[in-house]
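S.K.: Provided herewith is a single structure, encoded as structure tokens, for subsequent inquiry.
2 protein chains.
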Amino acid sequence: MPGPADLPILSGLRIVELSAFVAAPLGGAALAALGADVIRVDPPGGGIDIDRWPLHRGRSLYWAGLNQGKRSVVIDTRSEAGQRQVAGLIAAPGEGGGIVLTNLPVKKWSSYAELSKLRRDLIMVIITGDRDGGTAVDYTVNAALGFPWLTGPESHEGPVNHVLPAWDGMTGFLAALAILAAERHRRLHGEGQLVELSLSDVGLAMAGHLGLIGEAILEAEPRGRFGNDVYGTFGRDFGTRDRRRVMVLALTPRQWAGLGEATGLARDFVALESRAGADFRNEGDRWIHRKPLCELLDAWFARHDLAEVRKAFDEHGVLWGPYQTTKQLVTEDPRASAANPMFAQVEHPGLGSFLTAGSPLRFGATAPVPPRPAPALGEHTDEVLREFGLLP
Amino acid sequence: MPGPADLPILSGLRIVELSAFVAAPLGGAALAALGADVIRVDPPGGGIDIDRWPLHRGRSLYWAGLNQGKRSVVIDTRSEAGQRQVAGLIAAPGEGGGIVLTNLPVKKWSSYAELSKLRRDLIMVIITGDRDGGTAVDYTVNAALGFPWLTGPESHEGPVNHVLPAWDGMTGFLAALAILAAERHRRLHGEGQLVELSLSDVGLAMAGHLGLIGEAILEAEPRGRFGNDVYGTFGRDFGTRDRRRVMVLALTPRQWAGLGEATGLARDFVALESRAGADFRNEGDRWIHRKPLCELLDAWFARHDLAEVRKAFDEHGVLWGPYQTTKQLVTEDPRASAANPMFAQVEHPGLGSFLTAGSPLRFGATAPVPPRPAPALGEHTDEVLREFGLLP
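Sequence lines, in order, name chains A and B.
Taken in order, the first sequence gives residues 195 to 586; the numbers are from the numbering used here.
Taken in order, the second sequence gives residues 195 to 586; the numbers are from the numbering used here.
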């Protein structure tokens, strides 16, 4: 008989996902990658995100990525019979069941009030755009938070959007965390609950954690746009002789010393320090005097190829890394290869075989879940309806 | 006697945090905001992040934001006595204790092997830069993943860094999730475990979920840089007559129809559709023909002020939002005001009183935790050492 060490960390949990796009699917995928049984329910033909770009051979790599490891069930909830099936699936018995995750508009039949009549200890996590349920998505939330005015070349006049939907990402992982927190409470006290979170509240809370809200309130003139410089410390991109770019930081006095040693510029740094009356062991001073410091470094990088930079920097414990295109990432970086045990070569229906990640979380005492593809749309409809006695 | 509904969702959990900068402190802050007792341990004078910018009156708003709601203990772990105190604190008895979260280099005394001798069911979550323990931070991970070549103005030649440390954010929330997953396992099976995750694996897994890894492997020429356009659908920034910028998207056919109605451009869109042989209900077609579409919209926006845009767009269900500076965010946006129940006016020692967020997660059946400031450094040293019988 298998013991707990032979099972994945979240085995026994079952989550029904009514979702589209990023936040809820990602939260579900994160739980599935840890062994939860995540059942995504879609309408016939698929949800609004079924064909979302990027595509390969006309099929969505995005859908395939965000729904890895789930079961897919297709049910038409325009009919009452379909609504009853989905509600029955959500409320199906089982200690680890009775959990629903959604970022779709909630209808009467799919509301917490109705579903909790079918299962009193229901856990329901609802992700919205704005807190009041108003429509907002990652890109409008990001625009509101001020980041686009802080991002991009100093000389640029307009806002610069992020490409990574970072708010969706954080919201998805927090929604997954919310499920585990509510399930802990249910296990201890026997009761379920409704949990709500919004993309905009996640963004606002994060802006608060990073000090940006306090800064905007307390400072007459909050920070501006500083290009690729990392605010308040030493960090910027540099160009090498062989036309590569590298990101270099010195967040600690030791890293700063390493940079001086690796480049042979330590004495120039000290000379600058005494001219300016600064102490570069202090990151504020490194920030204030970044321009002359970067000029010294710019000249050094222009005389060295990436390979030389790598050798010198790794020897001296410099905090740095090369910029890579996504193509360079998958062809040159061993972290994005089968040498990284997080990855495996996985066959994705209709897309082909490619390097696919499992969970980035490594639990020492429980079994890992091998990377899995997304299901084909509706692949598990019959299996799931049969399993839960929901066939008409 | 207070029942479970009177307590916060994570009451009873105790986490000792050995940390600095963003990822681990954020994970701890997220758990503290849900009622866990999070005890951050720092060396005398504070950790490497104690003075991290942004500052106000010379004090760190960053530290204040990332350590909200924790208890602060100062112990010098250069001495064996200090090491024994911290180890004793980590291993202190109690069902919800025996949990440690760290993103600092692990020493022999603070290793899982040593600490789990003191408490067999110890849960330890270790965040590293690279999977192999190599040094990497948010900005070097982001450089490696390819996002800086996809971000920023199309005409720009170099990489564009993000300002938001998005990988730190996601890693911190995943570390918090890992604690709850491991604690569930401990509750079910009585055993603790070591959990490891790295910033670079989190970034790689996310790039996989978004389809970027598959795209880079399968497509001969993966996507390039598209400025503020949202790849593969309709979304871009526009400038209004009164020189504001707005982010506008149409992710669904309904949002696309709303945009045509709100601007009165529906007929122009249809004319363009028939000239081009396109169907703008399909987001791929909206993407392919975005240039002529945006020209029509650019001209419309140039004739309308933000207030007019707001009225027309909200009436027609357009998905949009204004760009705001952080100053505009805190002065103009009701979501970043005391009208949002996530926020409260909080007095922060040495910084003053300002709007401060609690958790963005709202649990319906348990008590919310009011927004709290970060502790003063070492504020709880005596209290905590006394509570756990660790005074010399």
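C-beta atoms are modelled at their ideal positions from N, C-alpha and C, and glycine is treated no differently.
Indicate the three-state DSSP secondary structure (helix, strand or coil) for I317 of chain A in the structure shown.
M.R.: Taking the first sequence and counting its residues from 1, the one referred to as residue 317 of chain A is at position 123. For I317 of chain A, the three-state secondary structure derived from DSSP is strand.
S.K.: Would you verify that the beta carbon of H510 of chain A is, or is not, closer than 7 Å to some beta carbon of chain B?
M.R.: Counting from one through the first sequence, the residue named residue 510 of chain A turns up at place 316. It does not; no Cβ of chain B falls within 7 Å.
S.K.: In chain order, what residues of the same chain lie with their CB nearer than 8 Å to the CB of P554 of chain A, ignoring the 5 residues before and after it?
M.R.: Sequence index remark: in the first sequence, residue 554 of chain A carries index 360 (1-based). Hits under 8 Å: M536.
S.K.: Taking buried to mean at least 16 other C-beta atoms within 10 Å of its own C-beta, is T525 of chain B buried or exposed?
M.R.: In the second sequence, counting from the first residue as 1, residue 525 of chain B sits at position 331. It counts as exposed.
S.K.: Can you find a CB in chain B that lies within less than 7 Å of the CB of P198 of chain A?
M.R.: The residue labelled residue 198 of chain A in the question sits at position 4 within the first sequence. By this cut-off, P198 of chain A is an interface position.
S.K.: What residue range does the alpha helix (DSSP H) around R448 of chain A cover?
M.R.: By 1-based counting over the first sequence, the position of residue 448 of chain A is 254. According to the DSSP assignment, R448 of chain A belongs to the alpha helix (DSSP H) that extends over P447 to T457.
S.K.: Let's see if you can read the secondary structure: which residues bound the beta strand (DSSP E) around H542 of chain A?
M.R.: Residue 542 of chain A sits at position 348 when you count from the first residue of the first sequence. Where H542 of chain A is concerned, the enclosing beta strand (DSSP E) stretches over F537 to H542.
S.K.: Do L584 of chain A and Q279 of chain A have their CB atoms nearer than 7 Å?
M.R.: Here residue 584 of chain A is taken as the residue at index 390 of the first sequence, counted from 1. Here residue 279 of chain A is taken as the residue at index 85 of the first sequence, counted from 1. A contact, by the Cβ cut-off of 7 Å.
S.K.: What separation, rounded to the nearest whole angstrom, lies between the Cα atoms of D243 of chain B and E509 of chain B?
M.R.: Taking the second sequence and counting its residues from 1, one reaches residue 243 of chain B at position 49. Taking the second sequence and counting its residues from 1, one reaches residue 509 of chain B at position 315. Between D243 of chain B and E509 of chain B, the C-alpha separation is close to 47 Å.
S.K.: For Q387 of chain A, which three-state DSSP category applies?
M.R.: For this step, residue 387 of chain A is matched to residue 193 along the first sequence. Here Q387 of chain A sits in strand by DSSP.
S.K.: Between the Cα of L393 of chain B and the Cα atoms of B:R208, B:A501, B:I317 and B:W361, which residue gives the shortest distance?
M.R.: Position 199 of the second sequence holds residue 393 of chain B. Closest by alpha carbon: B:W361.
S.K.: Whose CA, out of A:G433, A:P219 and A:P238, lies closest to the CA of V294 of chain A?
M.R.: Start at 1 with the first residue of the first sequence, and residue 294 of chain A comes out as number 100. When only C-alpha atoms are compared, the closest one is A:P219.
S.K.: If distances are taken between C-alpha atoms only, which option among A:L513, A:T434 and A:G426 comes closest to I482 of chain A?
M.R.: Counting from 1 along the first sequence, the entry for residue 482 of chain A is found at position 288. Of the candidates A:L513, A:T434 and A:G426, the one whose C-alpha sits nearest the C-alpha of I482 of chain A is A:G426.
S.K.: Exposed or buried, what is S273 of chain A when buried is set at 16 or more other beta-carbons lying within 10 Å of its beta-carbon?
M.R.: Numbered from its first residue, the first sequence carries residue 273 of chain A at position 79. Exposed: under 16 other Cβ atoms inside 10 Å.
S.K.: Taking N534 of chain A as the reference, give the member of A:D492, A:V440, A:K521 and A:L549 with the closest Cα.
M.R.: Residue mapping note: residue 534 of chain A aligns to position 340 of the first sequence, counting from 1. Taking each of A:D492, A:V440, A:K521 and A:L549 in turn and checking the Cα distance to N534 of chain A, the smallest one comes out for A:L549.
S.K.: Classify S547 of chain B as buried or exposed, calling it buried when 16 or more other Cβ atoms lie within 10 Å of its own Cβ.
M.R.: Indexing the second sequence from 1 puts residue 547 of chain B at position 353. Classification for S547 of chain B: exposed.
S.K.: Spell out the partners DSSP gives D231 of chain A in its beta bridges.
M.R.: Here residue 231 of chain A refers to the residue found at position 37 of the first sequence. A:R208.
S.K.: Identify whether W247 of chain B lies in helix, strand or coil by the three-state DSSP scheme.
M.R.: Here the question's residue 247 of chain B lines up with position 53 in the second sequence. W247 of chain B: coil per DSSP, three-state reduction.
S.K.: Please report the distance separating the alpha-carbon of A307 of chain A from that of E385 of chain A.
M.R.: For this step, residue 307 of chain A is matched to residue 113 along the first sequence. For this step, residue 385 of chain A is matched to residue 191 along the first sequence. Looking at the two C-alpha atoms, the distance is approximately 14 Å.
S.K.: With DSSP as the reference, please indicate the residues paired to F432 of chain B in a beta bridge.
M.R.: Here residue 432 of chain B refers to the residue found at position 238 when the second sequence is read from its first residue. B:V440, per the DSSP bridge assignment.
S.K.: By DSSP, does R480 of chain B sit in helix, in strand, or in coil?
M.R.: Taking the second sequence and counting its residues from 1, one reaches residue 480 of chain B at position 286. Correct three-state label for R480 of chain B: helix.
S.K.: Looking at chain A, is there any beta carbon in it that lies within less than 7 Å of the beta carbon of K311 of chain B?
M.R.: Within the second sequence, residue 311 of chain B is the residue found at index 117, counting from 1. No - not a single Cβ of chain A is within 7 Å of the one on K311 of chain B.
S.K.: Please confirm whether D479 of chain B has its beta-carbon closer than 7 Å to some beta-carbon of chain A.
M.R.: Taking the first residue of the second sequence as 1, we reach residue 479 of chain B at position 285. Chain A contact via Cβ: absent.
S.K.: Give me the DSSP bridge partner(s) of R265 of chain B.
M.R.: Stepping through the second sequence from its first residue, residue 265 of chain B is reached at position 71. According to DSSP, R265 of chain B bridges with B:I233.
S.K.: Could you tell me the boundaries of the beta strand (DSSP E) in which P219 of chain A lies?
M.R.: The count along the first sequence starts at 1 and reaches residue 219 of chain A at position 25. Segment A217 to A226 is the alpha helix (DSSP H) holding P219 of chain A; no beta strand (DSSP E) there.
S.K.: Counting only Cβ pairs nearer than 8 Å, list the residues of chain A close to S392 of chain B.
M.R.: As a first step, residue 392 of chain B is located in the second sequence; it is residue number 198 there, counting from the start. Under the 8 Å cutoff, chain A gives P554.
S.K.: Return the first residue and the last residue of the beta strand (DSSP E) that A503 of chain B is part of.
M.R.: For this step, residue 503 of chain B is matched to residue 309 along the second sequence. A small correction: the amino acid at residue 503 of chain B is Val; Ala does not occupy that position in the sequence shown. Boundaries around V503 of chain B are those of the alpha helix (DSSP H), L500 to E509, since no beta strand (DSSP E) includes it.
S.K.: Is G572 of chain B a contact residue of the ligand NAD, with contact defined as CB to any heavy atom under 6 Å?
M.R.: With respect to the ligand NAD, the structure shown offers nothing to examine, as it has no ligands at all.
S.K.: Answer yes if the stretch 401-412 of chain A comes into contact with the stretch 465-474 of chain A, meaning at least three C-beta pairs across the two stretches below 8 Å, and no otherwise.
M.R.: no
S.K.: To which residues of the same chain is Q449 of chain B closer than 6 Å at the C-beta, ignoring the five residues directly before and after it?
M.R.: Counting from one through the second sequence, the residue named residue 449 of chain B turns up at place 255. Answer for Q449 of chain B: L513, listed in chain order.
S.K.: Would you decide whether K301 of chain A is buried or exposed? Buried here means 16 or more other CB atoms lie within 10 Å of its CB.
M.R.: Taking the first residue of the first sequence as 1, we reach residue 301 of chain A at position 107. Per the 10 Å Cβ criterion, exposed.
S.K.: Helix, strand or coil for T334 of chain A, going by three-state DSSP, please let me know.
M.R.: As a first step, residue 334 of chain A must be located in the first sequence, where it is residue number 140. Helix at T334 of chain A.
S.K.: Would you identify the three-state DSSP class for R475 of chain B, choosing helix, strand or coil?
M.R.: Reading the second sequence from its first residue, position 281 is the one you call residue 475 of chain B. DSSP places R475 of chain B in coil when its eight states are reduced to three.
S.K.: Contact between the stretch 408-421 of chain A and the stretch 314-324 of chain B is defined here as three or more beta-carbon pairs at a separation below 8 Å; is this criterion met?
M.R.: no
S.K.: Looking at T434 of chain A: is its Cβ nearer than 7 Å to the Cβ of L500 of chain A?
M.R.: Counting from one through the first sequence, the residue named residue 434 of chain A turns up at place 240. Counting from one through the first sequence, the residue named residue 500 of chain A turns up at place 306. Using a Cβ distance threshold of 7 Å, T434 of chain A and L500 of chain A count as a contacting pair.
S.K.: Along the chain, which unbroken stretches of the alpha helix (DSSP H) at least 4 residues long are found entirely within the stretch 284-315 of chain B?
M.R.: 306-312
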